[in-house]
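Here is the structure we will look at.
Number of protein chains: 2
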Amino acid sequence: MSDGETMGGLLEAGAAGATLTSAAPLRLDSGAVIPSLEVAFCTYGRLNADRSNAVLVCHPLTLDQHASARHPKTGKDGWWARVVGPGRPLDTDRYFVICSNVLAGCSGTTGPSSIDPTSGEVYGMSFPVVTVADMVRAQAVLLDALGIDQLFAVVGGSMGGMQALQWASDYPERLFSAVVIGAAPRHSAQNIAFHEVGRQAIMADPDWRAGDYAKAGVRPEKGLAVARMAAHITYLSEAALQRKFGRELQRDGLSWGFDADFQVESYLRHQGQVFVDRFDANSYLYITRALDYFDLAAAHEGNLAQAFRRARDVRFCVFSFSSDWLYPTAESRQIVRALNAAGARASFVEIETDKGHDAFFLEEPALHAALEGFMTSAAVARGLT
Amino acid sequence: MSDGETMGGLLEAGAAGATLTSAAPLRLDSGAVIPSLEVAFCTYGRLNADRSNAVLVCHPLTLDQHASARHPKTGKDGWWARVVGPGRPLDTDRYFVICSNVLAGCSGTTGPSSIDPTSGEVYGMSFPVVTVADMVRAQAVLLDALGIDQLFAVVGGSMGGMQALQWASDYPERLFSAVVIGAAPRHSAQNIAFHEVGRQAIMADPDWRAGDYAKAGVRPEKGLAVARMAAHITYLSEAALQRKFGRELQRDGLSWGFDADFQVESYLRHQGQVFVDRFDANSYLYITRALDYFDLAAAHEGNLAQAFRRARDVRFCVFSFSSDWLYPTAESRQIVRALNAAGARASFVEIETDKGHDAFFLEEPALHAALEGFMTSAAVARGLT
Numbered sequence: 095m096s097d098g099e100t101m102g103g104l105l106e107a108g109a110a111g112a113t114l115t116s117a118a119p120l121r122l123d124s125g126a127v128i129p130s131l132e133v134a135f136c137t138y139g140r141l142n143a144d145r146s147n148a149v150l151v152c153h154p155l156t157l158d159q160h161a162s163a164r165h166p167k168t169g170k171d172g173w174w175a176r177v178v179g180p181g182r183p184l185d186t187d188r189y190f191v192i193c194s195n196v197l198a199g200c201s202g203t204t205g206p207s208s209i210d211p212t213s214g215e216v217y218g219m220s221f222p223v224v225t226v227a228d229m230v231r232a233q234a235v236l237l238d239a240l241g242i243d244q245l246f247a248v249v250g251g252s253m254g255g256m257q258a259l260q261w262a263s264d265y266p267e268r269l270f271s272a273v274v275i276g277a278a279p280r281h282s283a284q285n286i287a288f289h290e291v292g293r294q295a296i297m298a299d300p301d302w303r304a305g306d307y308a309k310a311g312v313r314p315e316k317g318l319a320v321a322r323m324a325a326h327i328t329y330l331s332e333a334a335l336q337r338k339f340g341r342e343l344q345r346d347g348l349s350w351g352f353d354a355d356f357q358v359e360s361y362l363r364h365q366g367q368v369f370v371d372r373f374d375a376n377s378y379l380y381i382t383r384a385l386d387y388f389d390l391a392a393a394h395e396g397n398l399a400q401a402f403r404r405a406r407d408v409r410f411c412v413f414s415f416s417s418d419w420l421y422p423t424a425e426s427r428q429i430v431r432a433l434n435a436a437g438a439r440a441s442f443v444e445i446e447t448d449k450g451h452d453a454f455f456l457e458e459p460a461l462h463a464a465l466e467g468f469m470t471s472a473a474v475a476r477g478l479t
Numbered sequence: 095m096s097d098g099e100t101m102g103g104l105l106e107a108g109a110a111g112a113t114l115t116s117a118a119p120l121r122l123d124s125g126a127v128i129p130s131l132e133v134a135f136c137t138y139g140r141l142n143a144d145r146s147n148a149v150l151v152c153h154p155l156t157l158d159q160h161a162s163a164r165h166p167k168t169g170k171d172g173w174w175a176r177v178v179g180p181g182r183p184l185d186t187d188r189y190f191v192i193c194s195n196v197l198a199g200c201s202g203t204t205g206p207s208s209i210d211p212t213s214g215e216v217y218g219m220s221f222p223v224v225t226v227a228d229m230v231r232a233q234a235v236l237l238d239a240l241g242i243d244q245l246f247a248v249v250g251g252s253m254g255g256m257q258a259l260q261w262a263s264d265y266p267e268r269l270f271s272a273v274v275i276g277a278a279p280r281h282s283a284q285n286i287a288f289h290e291v292g293r294q295a296i297m298a299d300p301d302w303r304a305g306d307y308a309k310a311g312v313r314p315e316k317g318l319a320v321a322r323m324a325a326h327i328t329y330l331s332e333a334a335l336q337r338k339f340g341r342e343l344q345r346d347g348l349s350w351g352f353d354a355d356f357q358v359e360s361y362l363r364h365q366g367q368v369f370v371d372r373f374d375a376n377s378y379l380y381i382t383r384a385l386d387y388f389d390l391a392a393a394h395e396g397n398l399a400q401a402f403r404r405a406r407d408v409r410f411c412v413f414s415f416s417s418d419w420l421y422p423t424a425e426s427r428q429i430v431r432a433l434n435a436a437g438a439r440a441s442f443v444e445i446e447t448d449k450g451h452d453a454f455f456l457e458e459p460a461l462h463a464a465l466e467g468f469m470t471s472a473a474v475a476r477g478l479t
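So the sequences go chain by chain: Y and D.
By the numbering used here, the letter at position 326 of the first sequence is numbered 420, and the numbering carries on one by one without gaps.
By the numbering used here, the letter at position 126 of the second sequence is numbered 220, and the numbering carries on one by one without gaps.
Given below as structure tokens:
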């Protein structure tokens, strides 16, 4: 726990953000130790007097702590501005919303592009492999520094949902409620396979330089763009791709060449290009690795319910999307069954949509309405006015 | 049509194979002309006296003319040895089976790695973009040289199925029957997207050298391997990947690094590595492009039935696989509906399997039994004994 002065400063991080520096070593699942930790985060709203209205938003793979308001780099709205803000489902007039960049990220939290205090050089591939549980440990360090003993809610989609599940497993006493959107209790073989394609694309880029590209002043942009393109397909449903692009051409007629003839090609190339401007290749390697290692039941002899055995007092809401083939509804149902078996109260909503996995941060009124309903009901139960 | 001597020689190509050299220019859909054409092919069985028992097998994207018997390079069985051979569904004791390497391929038929007779140099990216219809044109040139006016059957899976559909559209009078397995009447936005990832991976490899790698004595192996890995995932179902690999590890425990920890990673890397030994990167670009351009209805104002209007006397059998997400059953149903609307007789069989798209050349007894049944029934109708 930080002293009062630091805490007060951190509580005023706001949408512009702040960085917690913790001099305490962070011991990781691998056994490795990070000698000191920085956690970059933003906050929205105000912490109430009894510190009971804090909501931790956990971000997905390639996003960051800028969940709402303008992103200082891109100038665009935060990635979850539809959900986090005044009058939104995570209503910043009622809740104090915190979002921190994950461990191994590239937006201010300690990661492979940070300076290793031991060597004075960029970590690169000497950064230790981290897990989703390690990400959650770093978030717990932040909450300690903010003086928040219990979260009113932990909320996340995709990898953020896995962090929320990990919170329920590792720190149930620090949760009043948890919202898990479009997630899974473990990475499937197909999930791992797609990530491995992305990693191989990055590592095949000669500018990756065995992870030491920063020292060489280059970046494996082509490999990272290919990784992004492959992953991006998995975020959308086949139906959404067909509806948005079909076989529509960029120009009148085919080019009879290898330029982007089809709008879907141009769209994918664009996704790859803009991604390399905002994301670090090594962070992509480490975070995908953390996801592939994610298997919440593994530490409990394969019994997922055991992972939640101490979480029976937490109120859960689990969402899935009918057209999500990255983390299909069946995997959300596994989570819900395990929560039920553990005796926790769990609501489950499958949202009918053709938007695929990315539905969790797109315009999806049914999700937003159901999320708001759950939050309001939980707020009443918690005595938040 | 070749003279009798050439024809006789070609008819004895056999499993070892032969190459037709046609001095006649081949005019392509793009308007470009290939000044002279080579078509590499193998045959299995014997052509009967009235030349009525010929079966053309059309190969999928990355395969070749070695459908049966031992492959001269790999030493393994031909890719469809389960289907083509004595007593097999395409029974070489009854039928004369021909399989030719596609135009733009890399196994002996004219393609981007061939010598451009005009310049005396390897075509590379100066090779014209070809279509599935152009592939079929090259096959028709081969049949002319073999003196085969009408095929008893054209049979193909995946891209081979698209060639079979194109045959039915362009040369219905040369078909008695057609078998279309795990195909689609057009490439969807998602199909195009996956191919574009593969092309971008190849073109991102500095050893690609704008397609001129042959002159430089290098090969874009890393890019091609990544392309293969991405595509390979689409050939398998999520369920099959889970059944075969799940989250099984290569060794006891995690490596806490970026080696292949999971068996599925090791499998994918292996798929990428063996592929670069047997396939050419530019051929991959050209053949994926041909597939992405494939849209049988486009030349008929979007009316697929019109594409089959001259094929009402052809007997069709269409197969799909319940777990194929590359070319799902719904797309086979579109084909069948269009065939019905055109007045053609079409059987349709959806094979229940978890093997995904690749089921068409795996051990799939239900497919083999149904295919044999269709062939035998068609043989009776054709008067083949």
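For each residue, glycine too, the CB sits at the ideal point set by N, CA and C.
Nothing here was measured: the structure is a model prediction, and the numbers come from that model.
When the distance is taken between beta carbons, is residue j closer than 8 Å to residue i?
i	j	result
L122 of chain D	L114 of chain D	no
R140 of chain D	L478 of chain D	no
R341 of chain Y	D389 of chain D	yes
F221 of chain D	V408 of chain D	no
L264 of chain D	V230 of chain D	Note that residue 264 of chain D corresponds to Asp in the displayed sequence, not to Leu. Yes, Cβ-Cβ distance for D264 of chain D and V230 of chain D is below 8 Å.
L241 of chain Y	R145 of chain Y	It should be pointed out that residue 241 of chain Y corresponds to Gly in this sequence rather than to Leu. Taking 8 Å as the Cβ cut-off, G241 of chain Y and R145 of chain Y qualify as a contacting pair.
A258 of chain Y	A272 of chain Y	yes
S201 of chain D	W350 of chain Y	no
L120 of chain D	A283 of chain Y	no
S377 of chain D	A239 of chain D	no
V226 of chain Y	V191 of chain Y	no
Q186 of chain D	A134 of chain D	Sequence check: residue 186 of chain D is Thr here, not Gln. No.
A375 of chain D	R363 of chain D	no
L318 of chain Y	F373 of chain Y	yes
M469 of chain Y	L184 of chain Y	yes
D299 of chain Y	A107 of chain D	no
A295 of chain Y	A295 of chain D	yes
In terms of DSSP beta bridges, what is residue i paired with?
i	result
Y138 of chain Y	Y:V191
S252 of chain D	Looking at the DSSP assignment, S252 of chain D forms no beta bridge with any residue, so it has no partner.
A148 of chain D	D:F190
G487 of chain Y	As shown, chain Y starts at 95 and ends at 479. That puts residue 487 of chain Y outside it, with no answer to give.
I327 of chain Y	Answer is none; I327 of chain Y lacks a bridge partner.
E444 of chain Y	Y:S414
E114 of chain Y	Note that residue 114 of chain Y is Leu in the sequence shown, not Glu. Paired residue(s): Y:V133.
E215 of chain Y	Y:D210
S471 of chain D	According to DSSP, which records beta bridges pairwise, S471 of chain D is partnered with nothing at all.
D171 of chain D	D:R164
Using a C-beta cutoff of 8 Å, does residue i count as contacting chain A?
i	result
R345 of chain D	In the displayed structure, chain A is absent; the protein chains listed are Y and D.
I'd like to confirm something about residue i: is its beta-carbon nearer than 7 Å to some heavy atom of the ligand SAM, or not?
i	result
L122 of chain Y	This structure lacks the ligand SAM, and indeed carries no ligand of any kind.
- Message: Give me the subset of the segment 320–339 of chain D whose CB atoms are less than 7 Å from a CB atom of chain Y, sorted by chain position.
- Response: V320, M323, A324, I327, E332, L335, Q336 and F339
- Which full runs of the alpha helix (DSSP H) of 4+ residues lie inside the segment 364–394 of chain Y, going along the chain? 375–387
- Between the segment 427–451 of chain Y and chain D, which residues of the former have CB atoms less than 9 Å from a CB of the latter, in chain order? none
- Item | Short-range partners of chain D found in the segment 267–294 of chain Y, where Cβ spacing is below 8 Å | R280, H281, S282, A283, Q284, I286, A287, F288, E290, V291, R293 and Q294
- Going along the chain, which residues of the segment 381–414 of chain D sit with their C-beta nearer than 9 Å to a C-beta in chain Y? R383, D386, Y387, D389 and A392
- Message: Tell me whether the segment 451–466 of chain D and the segment 401–418 of chain D touch, counting them as touching only if at least three CB pairs, one residue from each stretch, are closer than 8 Å.
- Response: yes
- Message: Tell me which residues of the segment 193–227 of chain Y have at least one Cβ-Cβ distance to chain D shorter than 9 Å, keeping chain order.
- Response: M219, P222 and V223
- the segment 243–266 of chain D: positions lying closer than 9 Å to chain Y by Cβ: none
- Name, going along the chain, the residues of the segment 358–379 of chain D whose beta-carbon falls closer than 8 Å to a beta-carbon of chain Y. V358, E359, L362, R363, G366 and L379
- Message: With three or more beta-carbon pairs closer than 8 Å as the criterion, would you say the segment 283–292 of chain D touches the segment 322–332 of chain Y?
- Response: yes
- Task: Kindly confirm or deny that the segment 144–162 of chain D and the segment 434–441 of chain D touch, where touching means at least three C-beta pairs closer than 8 Å.
- Result: no
- Item | Stretch-stretch touch, CB-based, cutoff 8 Å, three pairs: the segment 299–315 of chain D with the segment 209–227 of chain D | yes
- Touch check for the segment 382–402 of chain D and the segment 234–247 of chain D: three-plus C-beta pairs under 8 Å? no
- Message: Give the list of continuous alpha helix (DSSP H) stretches no shorter than 4 residues that lie fully inside the segment 396–426 of chain Y.
- Response: 398–401
- the segment 104–136 of chain D: positions lying closer than 7 Å to chain Y by Cβ: S124
- Curious, which full-length alpha helix (DSSP H) runs of at least 4 residues does the segment 295–355 of chain D contain? 307–310, 315–329 and 332–338
- Query: Any residues in the segment 303–314 of chain D with a beta carbon nearer than 7 Å to a beta carbon of chain Y? Which ones, in chain order?
  - Reply: none
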